[in-house]
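Residue numbers (UniProt numbering): 1 to 230.
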Amino acid sequence: KEYDSLRPATRREWVESTLNKVNAFLSDQRIRQIFTSKRTPFYLYIDEFQNFATQSFIETLSEARKYRLSLILAHQNLSQLPKELQASVLANCGVVSCFRVSRKDAQIMAKELLTPLYKLPPGWELNIQELQELSQRYCFVKNKAKGGVIVIYTPDVPYPWQLPSEARGELGGGTTEEEFKETIEKTQIGVKYFKDRKKIAREYKRRLEKLTASKEPKTFREPKKIKNKN
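So, in structure tokens, the structure goes:
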């Protein structure tokens, strides 16, 4: 809510400053010389990705794989992204999955995922309609590296608490949904990387106040006194 209340110019400053740091990191020669096998995997989650959809992000997408950087980008529809960025996102996705989408998105995703029976408008139209009319929990998945498209029905995928205990590993031990939830709550997942929500809120407030604070410019001489001649 606080981000949405900012002026467009302030939003752009926030986004650009973040992306500039990422691009500076990617262009550092010392970083480039590290072998891929010796790099630590890093996962970057961006919610409401359209707010970060600038041209400079295209470079980040193209360089991410060699640095073992995985990007999880969440937004509502493709029309929120500039066309050049759309193309870059789709080109750099190794695995593409598509649930039911709108007509506009279906026109794009049909050509990414499916091959028409005949390459004329009626052939593409059948694929577009199929993506628009997918049932709930069904999706098409395409693996670009291995090729081929499969249809997945997500209820066929077992829940974690339905897996054998040896497959669950550290999170195992529960046989019901309630027991599994209790196990998750007791497991300190990401304790090395996560920060307390209250600390993040305080830091966010401090930075926001610093950015939005308006200070009067300093003057180096006293203003001239105007004498009344009357």
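Just so you know, even glycine gets a beta-carbon here, dropped at the ideal spot from N, CA and C.
Using CA coordinates, which residue listed in Lys-111, Tyr-67 and Arg-12 is at the minimum distance from Ile-34? Tyr-67
May I ask you to report which of helix, strand or coil DSSP gives Gly-173? Confidence at Gly-173 is low in this model, with a pLDDT of 46, below 50, so the placement of that residue is unreliable and no value is reported for it.
In three-state terms, what does DSSP make of Phe-57? helix
How should Val-151 be labelled, buried or exposed, when 16 other C-beta atoms within 10 angstroms of its C-beta is the threshold for buried? exposed
CA-to-CA distance, Val-141 to Asp-105, given in whole angstroms: 16 Å
CB contact flag (Cys-139, Cys-93, <8 Å): no
According to DSSP, is Asn-127 part of a helix, a strand, or is it coil? helix
Between Val-95, Tyr-43, Met-109 and Gln-55, which has its C-alpha nearest Lys-146's C-alpha? Val-95
For Val-89, which residues in the same chain have their Cβ closer than 8 Å to its Cβ, ignoring the five residues on either side in sequence? Leu-61, Leu-73 and Leu-81
Work out the CA separation of Gly-123 and Ser-37 for me, nearest whole Å. 44 Å
Would you mind sorting Gly-173 into buried or exposed? The rule is 16 or more other CB atoms within 10 Å of its CB. For Gly-173, the predicted structure reports a pLDDT of 46, less than 50, and the residue's modelled location is therefore unreliable. The matter cannot be settled from this model.
Spatial distance of Phe-42 from Leu-71 (CA atoms): 9 Å
Keeping to the same chain, check which residues put their C-beta closer than 7 Å to that of Tyr-153; ignore five residues upstream and five downstream. Arg-137 and Tyr-138
If you draw a straight line from the alpha carbon of Glu-13 to that of Glu-179, how long is it in whole angstroms? 46 Å
Apart from the five residues just before and just after residue 231, which ones in its own chain have a Cβ nearer than 7 Å to its Cβ? Residue 231 cannot be examined here, being either before or after the span of the chain that is shown, 1 to 230.
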